[in-house]
Amino acid sequence: MSISGPDNDTTKRIQLRAALIERIGGYMTAHALGVVADLGIADLIKDGVRSSDELAAETGAHEPSLRRVLRLLASVGVTTEPEPTRFGLTEVGALLRSDSPDSLRAFTRVFCSPMWFTAWQGLGQAVTTGELAFSQAKGSDFYTSLTADTEFSALFHEAMGEESRIAAARVAAAYDFSHAIKVVDLGGGDGTLLAAILTAHPHLSGTVFDSPSGVADAPAVLGKAGVADRCEVQPGDFFQDIPGDGDLYLIKSVFQDWNDEDALALLRSCRTRIPESATLLIVGTVLPEIPSADQSIAYFTDVNMMVMAGGRERTESEFRTMLSETGFTVQSVRFGAAGPLSMIQATPSAA
Ligand SMILES: C[S@@+](CC[C@H](N)C(=O)[O-])C[C@H]1O[C@@H](n2cnc3c(N)ncnc32)[C@H](O)[C@@H]1O
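Residue numbers for the sequence shown follow this note's numbering, beginning at 612 and rising by one.
Right, dumping it as structure tokens:
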């Protein structure tokens, strides 16, 4: 008796079900990535292939469990297992190495941390009620909570620096800095963006402006880049006051943290303080006006902002409305110019 295989219809149904189950498995992969990044496994297998016995011994892990997690990550293209129980890294997995110039290890540890997972557990309630999931889970807003946790704060700002590296090089190359003298980076975190710009443009000086915990690592980052003598580090609250002596104000990956009311307050703070002749350069995600299925990272971050901070990503027309309401005129919008981020250049409108 011959046993026939599935017909075309059944094959399609199996594939569709697998496609959905793979997406459900995304959170399991995220947990696995977080564990492997926390343990520093990629740093231990950077030169070829290591056995799970060695990796477990060097990280104090339980070998059978670690092996199964590494096998899960092999199934999604992060690790390799060229022979049983010996693991290597794919090009994607190599981004988990601390010493990779494109490292996303701290970024992985933050986005796959218990703090993130706890807040995301409130997604259902957030969708039902519109409440801020992070505050419901933690009892305070994200940045207040960050200030209270020095270790996680350092990791978060390191993660933001990692996220900024390619965009920083792109901004440094794509924007015409020849007319600028002093660049102020508002919410500039650990100074990664300004370090890249000052390195590429030796005529510039700058200020990294962020909360006290936000700028904690900026002196080291600017020092390592060799630009500390041209760059001040100024702690402060950009809703209260911002430096008034710049002629180019950068604000990268900041607006999405805030709801419309706060984002408008921040723009008003900028309008009040920056010179009439200055330029505001917003670097960040600009959503397409018509939702587009190939922008998954932008929609991940949009919902992430809803969960973690009550903020949101915005379209070009939403940015234009906010800027015009607060006394700015948009000069240009360059999609993807700070790949994958966009750049919006605005100037104070004539009174
Ligand atoms: C998402 S991070 C982006 C950091 C950096 N611009 C980048 O792109 O890597 C947002 C930054 O805004 C800073 N921030 C939040 N609230 C602030 C405030 N009230 N005053 C100044 N900076 C603030 C945070 O500390 C953080 O560094």
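The beta-carbon is built from N, C-alpha and C at its ideal position, and this holds for glycine as well. These numbers were taken from a predicted model, which means no experiment stands behind them.
By the neighbour-count criterion, in which 16 or more other beta carbons inside 10 Å mark a residue as buried, residue 703 falls on the exposed side. Boundaries of the beta strand (DSSP E) around residue 818: 816-821.
Secondary structure remark: continuous alpha helix (DSSP H) runs of at least 4 residues inside the stretch 897-934, in chain order: 907-919. Here the stretch 903-920 makes contact with the stretch 866-886; the two share three or more CB pairs at distances below 8 Å. Here residue 784 is exposed, its C-beta having fewer than 16 other C-beta atoms within 10 Å.
Put simply, the stretch 946-955 touches the stretch 882-897. At least three CB pairs are less than 8 Å apart. DSSP links residue 842 through a beta bridge to 817. Residue pairing for residue 694: DSSP places it in a beta bridge opposite 697. Within its own chain, the residues whose Cβ lies closer than 7 Å to the Cβ of residue 839, once the five positions on either side in sequence are excluded, are 830 and 833, listed in chain order. Looking at 720, 815 and 796, the one whose alpha-carbon comes closest to that of residue 847 is 796.
Buried is the label assigned to residue 863, since at least 16 other Cβ atoms lie within 10 Å of its Cβ.
Beta-bridge partners assigned by DSSP to residue 956: 892 and 943.
Here residue 747 is actually not in contact with residue 735; their C-beta atoms are around 11 Å apart, not less than 8 Å. With contacts defined by Cβ atoms closer than 8 Å, residue 687 and residue 729 do not form a contacting pair. Note on geometry: alpha-carbon atoms of residue 743 and residue 755 lie some 14 Å from one another. Scanning its chain for C-beta atoms nearer than 6 Å, with the 5 sequence neighbours on each side dropped, one finds around residue 900 the residues 926, in chain order.
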